Amino acid sequence: MKAVILAGGKGTRLRPYTHVLPKPLMPLGEDDPMPIIEVVLRQLVRFGFLDVTIITGYLSELMESFCGDGRKFGARISYRREVTPLGTAGGLTLLNRPTEPVLVINGDILTTLDYGAMHAFHRDRGAAATIASYPREVKIDFGVLQFGDDPHVLTGYQEKPEYSFQVSMGVYILDPLAWDFLKAGEAVTMPELLEAMRTTGKAVHCYRQKCYWLDIGRHDDYATANEIFDNRRAAFLGQTDKSNLKIGRDQ
1 MKAVILAGGK GTRLRPYTHV LPKPLMPLGE DDPMPIIEVV LRQLVRFGFL
51 DVTIITGYLS ELMESFCGDG RKFGARISYR REVTPLGTAG GLTLLNRPTE
101 PVLVINGDIL TTLDYGAMHA FHRDRGAAAT IASYPREVKI DFGVLQFGDD
151 PHVLTGYQEK PEYSFQVSMG VYILDPLAWD FLKAGEAVTM PELLEAMRTT
201 GKAVHCYRQK CYWLDIGRHD DYATANEIFD NRRAAFLGQT DKSNLKIGRD
251 Q
């Protein structure tokens, strides 16, 4: 099975670290640290995704030097470089149109999601695209005022409410027809691509699985990722040492 890792961003929210390293090469764990992208690659191989393309942009040479041809991970790795930023979906035009469903994953997430089960779900549902979905609670730290037609008349007042959303995990499976919605050299985001597919009648499904997930986008996320990876290394890497399987924030 084929996978594409999106690893071309500059990771500006993680500066100054990302002045010298692309975000996917940031190490996780205090003892025996492992770059984020190595965790992703080892997971992909474990679930049968052996043909991997990495789309790079920022500090491409470092990424290619570390990952090489993929043999040390048990994969075959090829690279495509963005000359100019093309968004989270536009870089897919650097690949030839595939002949089978492709897993596309952001190169800066930490998750225990079973990619193989998601791929099987996609095929079973006959979807054109599948998005991995995760529940996220958002707390508003203020009193929220509600109004009707008259913006000066209060109709409701909630003190520090919490809202629940299903958010994208940054993991997708795309059928080859997704490439029909892309144009070479045109920047486009993944939400724009999926909305274009959905509004033209293509089946876009969501896959939900009880797992851990964290987008490593900010400094506090990175600190959390280091702690969780140290405590649950076996869960992320598929090892059998049960002593490492500590309870995390599974959803």
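Going by this note's numbering, the first residue of the sequence shown is number 1, and it counts up by one from there.
Glycine residues also receive a C-beta, built at the ideal position from the N, C-alpha and C atoms.
Please read these numbers as outputs of a predicted model, since none were measured by experiment.
Secondary structure note for Thr130: its beta strand (DSSP E) is the uninterrupted segment 129-139. Listed in chain order, the alpha helix (DSSP H) runs fully inside the stretch 17-60 are 36-46, counting runs of at least 4 residues.
Rounded to the nearest angstrom, the gap between the Cα atoms of Ile109 and Gly156 is 38 Å. One Cα belongs to Asn231, the other to Asp31, and the distance between them is close to 11 Å. In the structure shown, Thr200 adopts coil according to DSSP, grouped into three states.
Distance from Leu62 to Trp213 at the Cβ level is roughly 26 Å; contact not present, criterion being Cβ atoms closer than 8 Å. Under the three-state reduction of DSSP, Phe142 is assigned to coil, being neither helix nor strand. In this structure, the straight-line span from the alpha carbon of Thr130 to that of Asp150 is close to 41 Å.
Residue burial annotation: Tyr222 is buried, with at least 16 other C-beta atoms found within 10 angstroms of its C-beta.
Excluding residues up to 5 positions away in sequence, Arg136, Val138 lie with their Cβ nearer than 7 Å to the Cβ of Phe165 in the same chain. DSSP places Met118 outside any beta strand (DSSP E); the residue lies instead in the alpha helix (DSSP H), whose first and last residues are 115-125.
Sequence-distant partners of Leu94 (beyond 5 residues in either direction) whose C-beta falls short of 6 Å from its own C-beta, in its chain, are Arg80. DSSP places Leu237 in the uninterrupted alpha helix (DSSP H) bounded by 233-237. Counting along the chain, the unbroken beta strand (DSSP E) around Thr155 starts and ends at 154-159. Burial state of Thr84 is exposed, judged by a 10 Å Cβ sphere holding fewer than 16 other Cβ atoms. Following the DSSP letters along the chain, one finds Thr111 inside the beta strand (DSSP E) bounded by residues 109-111.
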